[in-house]
Amino acid sequence: MRPHVVAQVAVSLDGRTAGFDADLARYYAMATLWQEDVTLAGADTILAQESVVRGVCRADPEGEARRLGVREAGPLLAVVDSRGRVREWDALRQLGHWSDVLALYADQTPARPPDATTRELVTGYEQVDLEEVLDRLGERGARVVRVESGGELIAVLLELGLVDELALLVHPVIVGEGQPWCGTTGVRLEHAGTEVFAGGVIWSRYCVS
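Sequential numbering of the sequence shown, starting at 16, is according to this note's numbering.
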């Protein structure tokens, strides 16, 4: 069976995912509600984390030694990387968040350096076939997949009808520039709950019809 797919995103009041200080502590605290088996992320999201990892290691030569290591009980990190841009797979594995990493490639993904330690799943021709990815993850026993994305990956999943639940952490700020996180239209949502936190941050959950 295909796993339950939860798309979680932190946004401003005008629907932007960048240009403001997101309440990351609250975001990740709420993420634990689903106890996901797989964290599904896009390459852009992961490349931003790679940049942070490299910056820490440059600033602190001992940073490499202080990484938390593999989290055996954690979810699998699956990264949609059709263009083969992600390189720091082992660094991601050692951040202390995930049990392992899985690179999601397409047939036409550019050649990448040999890596005997990183599992790969190749689906689709020019782009990763997300429907097949979810089917394959379900076959491997995944029950819940949480999507971590600035919006582009979530928008594609919504267009394909592959999202079951949408969770927005809305921040009381208007950015006023950049593109809204989702340009998808015609998606019907059923309100499942809202909670207001200190500082006016609003947590809203929706079931996708």
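Beta carbons: idealized from backbone N, C-alpha and C, even for Gly. If you're wondering where the values come from, they're calculated on a predicted model, not measured in any experiment.
Next on the checklist: Can you list, in chain order, the residues of its chain with a C-beta nearer than 8 Å to that of Ala37? Leave out the 5 residues immediately preceding and following it.
Outcome noted: Here the question's residue 37 lines up with position 22 in the sequence shown. Excluding sequence neighbours, Ala37 sits near Ala25, Leu184 and His186.
Next on the checklist: Rounded to the nearest angstrom, what separates Met45 and Gly139 at their Cα positions?
Outcome noted: Numbered from its first residue, the sequence shown carries residue 45 at position 30. Numbered from its first residue, the sequence shown carries residue 139 at position 124. If you take the alpha carbons of Met45 and Gly139, they lie about 33 Å apart.
Next on the checklist: Are the CB atoms of Asp130 and Cys113 within a distance shorter than 8 Å?
Outcome noted: Residue numbering aside, residue 113 sits at position 98 when the sequence shown is read from its first letter. Residue numbering aside, residue 130 sits at position 115 when the sequence shown is read from its first letter. The identity of residue 113 in the sequence shown is Trp, whereas the question assumes Cys. No, these two residues do not count as a Cβ contact at 8 Å.
Next on the checklist: I'd like to check one pair, Ala207 with Gln23: are the Cβ atoms closer than 8 Å?
Outcome noted: Against the sequence shown, residue 23 aligns to sequence position 8. Against the sequence shown, residue 207 aligns to sequence position 192. Cβ atoms of Gln23 and Ala207: not closer than 8 Å.
Item to check | Val21 beta carbon less than 8 Å from that of Val162 | outcome: One-based indexing of the sequence shown puts residue 162 at position 147. One-based indexing of the sequence shown puts residue 21 at position 6. A contact, by the Cβ cut-off of 8 Å.
Checklist entry - Looking at the structure shown, is Ile217 part of a helix, part of a strand, or coil, going by DSSP? => result In the sequence shown, counting from the first residue as 1, residue 217 sits at position 202. In this structure, Ile217 counts as strand in the three-state DSSP scheme.
Item to check | C-alpha gap between Val178 and Gly84, whole angstroms | outcome: As a working mapping, residue 178 is identified with position 163 in the sequence shown. As a working mapping, residue 84 is identified with position 69 in the sequence shown. Cα to Cα, Val178 sits roughly 31 Å from Gly84.
Item to check | Collapsed DSSP secondary structure at Gln109 in the structure displayed | outcome: Translated into positions along the sequence shown, residue 109 becomes position 94. Here Gln109 sits in coil by DSSP.
Next on the checklist: DSSP three-state label for Tyr120, please.
Outcome noted: Your numbering for residue 120 matches position 105 in the sequence shown. Tyr120: strand per DSSP, three-state reduction.
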